[in-house]
Structure formats: C-alpha cells, structure tokens
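Residue numbers (our numbering): 779 to 1028.
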C-alpha cells in the first residue's frame, strides 16, 4: 500500500473515531438533559458542562458490563437484579459498581469486589465469611455479559467461574424509594431451586437472552472445588451489618 493510501487510511480512521466520539458525547448530553428535567436550569447546565469538560478516568476504565442477581445474606427471600460495571484492576482483583439497571437514570445500589481463588485462600476466617463463590452463577447461566458474543463471553466466564465476590448494597431498592439505612451484605446463589424463576425470566425478556441456553453453552466449563469458608450462609448462619454506639476518641 502506497504512502498516500496509508495516509488516507489514517485520516479516515481518525475522522471515524472523531465522529464516533462526537456521537457518544451527544448521546451522553441528551441523556443527562433528560435525567435533569425538572431540575433548576443552573443545575442542568452544570451537569451538561461537567460531562463534556471533566475527565473521569475510573469510569472510563470500566470495561465490563455484567448482569446477575444477589440476595440479602440473612434473607434469601429478598432477591434483586444487579447490573455491574467492572474494572479489572489487578490480575487477582476486579472492582465493580452496581446499579439497578443499565438505563441512564439507573440507581446506584452497591459495590462488589471480585478476587481470585488464590487470593481468597489467603483470607482469615472472619474475612472469608463475607465472600461468596461464583461457580453456580456462571455455570447456571444467571450471570451474563449482555451484548458480548457467545464465544468471548464463554472465555471470560472460564476465568470468572473460580472467583469470589464480596458485595454490599447501599440502597435497598426492593423496599425503599430512597437510599435509606445502612449497607447490607449480599450473597450469590449456589444451587438450583434457590433463585426466583420469575425474576430471571423478566431479566431474560428485558435483555433478549436465555438463561437456559447460557447454561447449556457453559456445560463444558469445569466446575471448581469451592473453598471452605465461602458461602457461609449455607450452614444456616451468616453475618450482617448493624449500627452500634461507640465512644469517640479525641
């Protein structure tokens, strides 16, 4: 390919990237404008200006979008859908922010840290009881990466199946329309018959996916041996956060 052709190709790529960047910026501005409707004009202008002018490197680094389900550690009957946006921060650590959906007006409901099996084995017993395994969430097809081609998703979950998560929800959106209360420890499912099938069906319809098909496609992913100490709730007892009064040190 000649020099002029290479130059033209480079300019074409640059122009395409610029156009895509402009489209994304425009979509973000429109989303913010829609969400801000009803806010004072001053606040709406500040929101749009901040979006266009401020770099947000941690947010821009969130490369993975996952959808799954959690239940409150002390009450399996309280099950909620959880939309994760994650950064693979280190080889043995992902960090995720969790929303109730993937809409522009989604509510921020919690956080999750995901660690490798090797890292989990180094934790003391008190710390381990805060963590849940991902083996069933992956193998059952309940944890998904919407929009990712099947082959790429399969490869991703081959790694994630051996990991462990520590999750706290800061907004009990299944009960409250505002982020009242204190963070709550959440857990993940470990066997058939635990999850609300209607909740899964509603999620599948909304995302245009099939959990049973995901399960079938992941049948060849080896099921890891779950490390002792994880999924402590399976023994009939768990830990949960509560408030207590303490003397202040000066």
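Just so it is clear, CB atoms sit at the ideal spot from N, CA and C, and this is done for glycine as well.
The structure presented is a predicted model; accordingly, all values stated were derived computationally and were not measured.
Alpha-carbon spacing of residue i relative to residue j, whole angstroms
| i | j | result |
| --- | --- | --- |
| residue 937 | residue 896 | 13 angstroms |
| residue 1008 | residue 893 | 12 angstroms |
| residue 878 | residue 1000 | 30 angstroms |
| residue 834 | residue 980 | 33 angstroms |
| residue 807 | residue 873 | Its pLDDT being 49, under 50, residue 807 is placed unreliably in this model, and the value from its coordinates should be taken loosely. Between residue 807 and residue 873, the C-alpha separation is close to 27 angstroms. |
| residue 968 | residue 831 | 44 angstroms |
| residue 926 | residue 1022 | 44 angstroms |
| residue 875 | residue 866 | 12 angstroms |
| residue 836 | residue 997 | 34 angstroms |
| residue 948 | residue 887 | 5 angstroms |
| residue 974 | residue 920 | 11 angstroms |
| residue 930 | residue 1020 | 41 angstroms |
| residue 901 | residue 995 | 33 angstroms |
| residue 864 | residue 1018 | 24 angstroms |
| residue 914 | residue 1006 | 15 angstroms |
| residue 883 | residue 862 | 15 angstroms |
| residue 859 | residue 847 | 5 angstroms |
| residue 1024 | residue 904 | 21 angstroms |
| residue 942 | residue 844 | 15 angstroms |
| residue 928 | residue 885 | 28 angstroms |
| residue 838 | residue 988 | 29 angstroms |
Reduced DSSP secondary structure (H/G/I, E/B, other) of residue i
| i | result |
| --- | --- |
| residue 995 | helix |
| residue 844 | strand |
| residue 862 | strand |
| residue 916 | helix |
| residue 871 | strand |
| residue 1026 | coil |
| residue 933 | helix |
| residue 1009 | coil |
| residue 900 | coil |
| residue 972 | coil |
| residue 989 | helix |
Any non-hydrogen atom of the ligand COA closer than 7 angstroms to residue i Cβ
| i | result |
| --- | --- |
| residue 920 | This structure lacks the ligand COA, and indeed carries no ligand of any kind. |
Beta-ladder partner(s) of residue i, from DSSP
| i | result |
| --- | --- |
| residue 849 | 857, 965 |
| residue 942 | 893, 911 |
| residue 876 | 862, 888 |
| residue 947 | 888, 962 |
| residue 922 | 845 |
Own chain, CB closer than 8 angstroms to residue i, minus 5 neighbours either side, in chain order
| i | result |
| --- | --- |
| residue 1016 | 851, 852, 907, 963, 965, 1010 |
| residue 991 | 919 |
| residue 934 | 842, 923, 926 |
| residue 970 | 918 |
| residue 899 | 1005 |
| residue 889 | 873, 874, 875, 876, 945, 946, 948 |
| residue 880 | 843, 845, 861, 924 |
Sequence-distant residues of its chain with Cβ nearer than 6 angstroms to residue i (five each side left out)
| i | result |
| --- | --- |
| residue 871 | 893 |
| residue 985 | 924 |
| residue 944 | 891, 908, 909 |
Inter-residue CB distance, residue i and residue j (contact presumed, cutoff 8 angstroms)
| i | j | result |
| --- | --- | --- |
| residue 922 | residue 939 | At roughly 13 angstroms, the Cβ-Cβ gap does not stay under 8 angstroms, so residue 922 and residue 939 are not in contact. |
| residue 854 | residue 972 | 7 angstroms |
| residue 911 | residue 993 | At roughly 17 angstroms, the Cβ-Cβ gap does not stay under 8 angstroms, so residue 911 and residue 993 are not in contact. |
Residue-level contact to chain C via CB, residue i, 8 angstroms cutoff
| i | result |
| --- | --- |
| residue 997 | The structure shown has no chain C; it contains just one protein chain. |
Same chain only: Cβ atoms within 7 angstroms of residue i, ignoring 5 sequence neighbours per side
| i | result |
| --- | --- |
| residue 856 | 849, 850, 952 |
| residue 957 | 948, 949 |
| residue 960 | 1019, 1021 |
| residue 977 | 847, 857, 859 |
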